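Heads up, the sequence shown is in my numbering, so the first residue is 12 and it goes up one at a time. Here a beta-carbon is modelled for each residue, glycine too, at the ideal position from N, C-alpha and C. Please read these numbers as outputs of a predicted model, since none were measured by experiment. Structure first, commentary second.
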Amino acid sequence: MTLELIIFISSILLGAVIFWRESQGNKVYRFFNKLMNSKELQMAETDTKGFVYQQSFLLRLVFITAFFLIGILVTRFLIPIDLATISLFASMIFGTLIGTYVAGFVFKSSEVIEEQSESLEDKFQDVIEKGKDFIEDLQTKDAKEIEEVKVEKEAPKENQKSARERLKDKGFLK
12 MTLELIIFIS SILLGAVIFW RESQGNKVYR FFNKLMNSKE LQMAETDTKG
62 FVYQQSFLLR LVFITAFFLI GILVTRFLIP IDLATISLFA SMIFGTLIGT
112 YVAGFVFKSS EVIEEQSESL EDKFQDVIEK GKDFIEDLQT KDAKEIEEVK
162 VEKEAPKENQ KSARERLKDK GFLK
């Protein structure tokens, strides 16, 4: 179980590296495209599609599975020990797929953040200014309320009779 977990995590990292490498340049994909397609069917020079970069899920799965099948065949001939079990093979494929999608999410989010960085900075400054205004309003409201409470407390004391005098007026005390 530990070996599977280590291979799964390393395959996630491998998937991210593969995705990043293909986003920088797709020379290997272009080579195979020129090798297998005629001039009319070859991809354009501006096309950035690769084996996993800008591919659908099914084609990513096919290319990653083929990559690991070739890798397992090479290791079986070089190392006669049976390391390539079905569960390790599945962990490698699934981890690499997850890694490619995680890398795609990170790249897309970094692009969005770069595009919105100026507007985010302006929005952040607006929020800070609104917060300062709100705190100032709270402080002035508190001071006004305290003054109003003091005035209310002082005014009734001067105009009202004491409790003893009110009871005498009503006839309860002599």
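- For the pair Gln171 and Leu149, the Cα-to-Cα distance works out to about 33 Å.
- With 16 or more other Cβ atoms from the protein chains shown falling within 10 Å of its own Cβ, Ser22 counts as buried.
- Under the three-state reduction of DSSP output, Ser121 falls in the helix class.
- Where Tyr40 is concerned, the enclosing alpha helix (DSSP H) starts and stops at Lys38 to Met47.
- Distance from the CA atom of Leu84 to the CA atom of Ser128, rounded to whole angstroms, is 48 Å.
- Here Gly115 carries a helix assignment [DSSP, helix/strand/coil].
- Annotation for Leu25: the continuous alpha helix (DSSP H) segment containing it runs Thr13 to Gln35.
- With the rule of 3 Cβ pairs closer than 8 Å, the segment 102-112 counts as touching the segment 16-32.
- DSSP assignment within the segment 57-112 yields the following whole alpha helix (DSSP H) runs of 4 residues or more, N-terminal first: 68-89.
- Shown here for Lys45: same chain residues with a beta carbon closer than 8 Å to its own, the five before and five after excluded, namely Gln53 in chain order.
- For the 7 Å CB-CB criterion, Val63 and Glu33 form a contact.
- The Cβ atoms of Thr86 and Ile104 do not sit closer than 7 Å to each other.
- Nearest to Arg41 by alpha-carbon distance, out of Lys60, Leu24 and Glu51, is Lys60.
- Secondary structure at Phe145: helix, using DSSP grouped into helix, strand and coil.
- By the neighbour-count definition (other C-beta atoms within 10 Å, threshold 16), Gly142 is an exposed residue.
- Looking at Glu51, Asp58 and Ala114, the one whose alpha-carbon comes closest to that of Lys38 is Asp58.
- Our two residues, Leu24 and Lys134, have alpha carbons roughly 35 Å apart in a direct line.
- Counting only the Cα atoms, Lys152 lies some 41 Å from Lys181.
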